[in-house]
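Chains as they are written, first to last, in the working numbering: chain A, 124 to 335; chain B, 124 to 335.
Protein chains: 2
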Amino acid sequence: MRKIITISREFGSGGRAIGMHVAEKLGYAFYDREIIDMAAKESGLSPDFIAKTEQNLSSGWLYNLLLGTSYAGTTAGSGQQLGQANLPLADQVFNAERKIILGLTDKPCVIVGRCADYILRTSDTVQSEELLNIFIYANIEDKVKAIMERLNVDEKVAKKTVIQVDKRRANHYNTFTEDTWGDRKNYDLLINSSTLGIDQTIEMLTEFIKKA
Amino acid sequence: MRKIITISREFGSGGRAIGMHVAEKLGYAFYDREIIDMAAKESGLSPDFIAKTEQNLSSGWLYNLLLGTSYAGTTAGSGQQLGQANLPLADQVFNAERKIILGLTDKPCVIVGRCADYILRTSDTVQSEELLNIFIYANIEDKVKAIMERLNVDEKVAKKTVIQVDKRRANHYNTFTEDTWGDRKNYDLLINSSTLGIDQTIEMLTEFIKKA
Numbered sequence: 124m125r126k127i128i129t130i131s132r133e134f135g136s137g138g139r140a141i142g143m144h145v146a147e148k149l150g151y152a153f154y155d156r157e158i159i160d161m162a163a164k165e166s167g168l169s170p171d172f173i174a175k176t177e178q179n180l181s182s183g184w185l186y187n188l189l190l191g192t193s194y195a196g197t198t199a200g201s202g203q204q205l206g207q208a209n210l211p212l213a214d215q216v217f218n219a220e221r222k223i224i225l226g227l228t229d230k231p232c233v234i235v236g237r238c239a240d241y242i243l244r245t246s247d248t249v250q251s252e253e254l255l256n257i258f259i260y261a262n263i264e265d266k267v268k269a270i271m272e273r274l275n276v277d278e279k280v281a282k283k284t285v286i287q288v289d290k291r292r293a294n295h296y297n298t299f300t301e302d303t304w305g306d307r308k309n310y311d312l313l314i315n316s317s318t319l320g321i322d323q324t325i326e327m328l329t330e331f332i333k334k335a
Numbered sequence: 124m125r126k127i128i129t130i131s132r133e134f135g136s137g138g139r140a141i142g143m144h145v146a147e148k149l150g151y152a153f154y155d156r157e158i159i160d161m162a163a164k165e166s167g168l169s170p171d172f173i174a175k176t177e178q179n180l181s182s183g184w185l186y187n188l189l190l191g192t193s194y195a196g197t198t199a200g201s202g203q204q205l206g207q208a209n210l211p212l213a214d215q216v217f218n219a220e221r222k223i224i225l226g227l228t229d230k231p232c233v234i235v236g237r238c239a240d241y242i243l244r245t246s247d248t249v250q251s252e253e254l255l256n257i258f259i260y261a262n263i264e265d266k267v268k269a270i271m272e273r274l275n276v277d278e279k280v281a282k283k284t285v286i287q288v289d290k291r292r293a294n295h296y297n298t299f300t301e302d303t304w305g306d307r308k309n310y311d312l313l314i315n316s317s318t319l320g321i322d323q324t325i326e327m328l329t330e331f332i333k334k335a
């Protein structure tokens, strides 16, 4: 059976890396930020604009921390400000990503973030028994530690970032779907990566997907 | 390492049966309604009174459906009415169960319900790495089907019961703890038993506990 796995994750939980390794072990395609570039081509919006729109980042410290370097110099063609007034643009981004995500399901794959669980659950392109929605979270101490290392920031900034990013992820999801981010009814499994650690969580999820 | 497993579960998700089989596979002790009888001895309250207090059942259709037969004739010694005015009695029940639960942790065990995750997480008797908190839920259709069979009721009554029991479980938990029932931060794993079915969910949880 064709299996489409979506991974939603708390910032700093290791969810992205876990998803990547699970895809590798299963020989599945893996999509995360690739979707941004695909949606940019699809929509004519710049990757930078899409990346910041996804996370409700118009500017400021969080923007600089998360996107300041990764998409530097790629802002041509994008609206530079994003606020309430630009909601139609945010809709354009969501719709472009939605179209890309619906087009990825012709072979087994792992898709990270981007409301993919909702988009696929409410579409006709995937049967419910083909779709597995997984949510990865972690203890706050572990998330803060991971972000301190990943972004090379101190504990205070890391904690603020962890809290802010997840707030924005939740807001984005709750705005564009009829469901609530992290609500168990959207998922087949929610796993705390602090309990087993990253490697054993990868093993566990690989087993879960094989059994399903 | 000594492992203490708590299982919280939606009504009709098969959580109790899953916990029992997991305990059996691992050779762990298993506690569910046994705690009612132990707490009765501890407190001098009747098992019937404890059972209905746990679920905020004073009387009515849900009481008759769930407890009408199981503890018939054992009400001697209990207060017959339970309402807001009797909150101190509800506290007595919680405290008696709490004391019992804290006394169960000298050997590996699986404990179902009764806010055991909160009671053990906030106590000194169990180290955090010895404690695994699991939440089992299921799709509404499967829960309704399970309760139709278990209680021999029609679909409408089963659905109403499923919704009511979980509301009361949530109320009870939210009243007696500082946390929210079903909130992922309280648990190491939340699993939808509809995805793999009961047998494979038992396998999965057994593996999870072994790895932890």
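C-beta: ideal position from N, C-alpha, C; glycine also.
Considering only A:G305, A:E220, A:S251 and A:V276, the residue with the shortest C-alpha distance to A261 of chain A is A:G305. Between T129 of chain B and chain A, the shortest Cβ-Cβ separation is not below 8 angstroms.
Taking a cut-off of 8 angstroms for Cβ pairs, the region 127-139 of chain B and the region 313-321 of chain B touch, as three or more such pairs fall below it.
According to the DSSP secondary-structure assignment, L254 of chain A is paired through a beta bridge with A:I127.
Between D265 of chain A and M271 of chain A, the C-beta spacing is not below 8 angstroms.
The beta carbon of R125 of chain A does not come within 8 angstroms of any beta carbon belonging to chain B, so the residue lies off that interface. Just so you know, the alpha carbons of V233 of chain A and E177 of chain A end up roughly 19 angstroms apart.
Annotation: E326 of chain B to H144 of chain B spans about 9 angstroms, alpha carbon to alpha carbon. The Cβ atoms of I332 of chain A and L255 of chain A sit closer than 8 angstroms to each other. Counting of Cβ neighbours within 10 angstroms places N309 of chain B among the buried residues, the total reaching 16 or more.
Here S251 of chain B is exposed, its C-beta having fewer than 16 other C-beta atoms within 10 Å. Between the alpha carbons of G167 of chain B and M161 of chain B lies a distance of about 10 angstroms.
Along the region 216-302 of chain A, the beta strand (DSSP E) occurs as fully enclosed runs of 3 or more residues at 232-235 and 254-260, listed in sequence order. In the displayed model, L312 of chain A falls within a strand according to three-state DSSP. Under a 10 Å Cβ-count criterion, E301 of chain A is classified as exposed, with fewer than 16 other Cβ atoms of the shown protein chains found around its own Cβ. For A174 of chain B, the closest alpha carbon among the candidates B:H295, B:Y151, B:E253 and B:K279 is that of B:H295. Put simply, the CB of I259 of chain B is far from chain A, with every gap to its CB atoms at 8 angstroms or more.
In the structure shown, the three-state DSSP call for A152 of chain A is strand. Rounded to the nearest angstrom, the gap between the Cα atoms of L274 of chain B and N218 of chain B is 30 angstroms. If the five residues before and after Y151 of chain A are omitted, its C-beta is found closer than 6 angstroms to the C-beta atoms of P231, C232 and V233, all from its own chain and listed in chain order. At a cut-off of 8 angstroms between beta-carbon atoms, D322 of chain B makes no contact with chain A. The beta-carbon distance between T329 of chain A and K148 of chain A, rounded to whole angstroms, is 5 angstroms. This is short enough to meet the 8 angstroms contact definition.
Taking A239 of chain A as the centre and dropping the five residues before and after it, the same chain places the C-beta of T129 and I224 closer than 7 angstroms to its C-beta, in chain order. Within the model, the alpha-carbon separation for A146 of chain A versus D214 of chain B is close to 49 angstroms.
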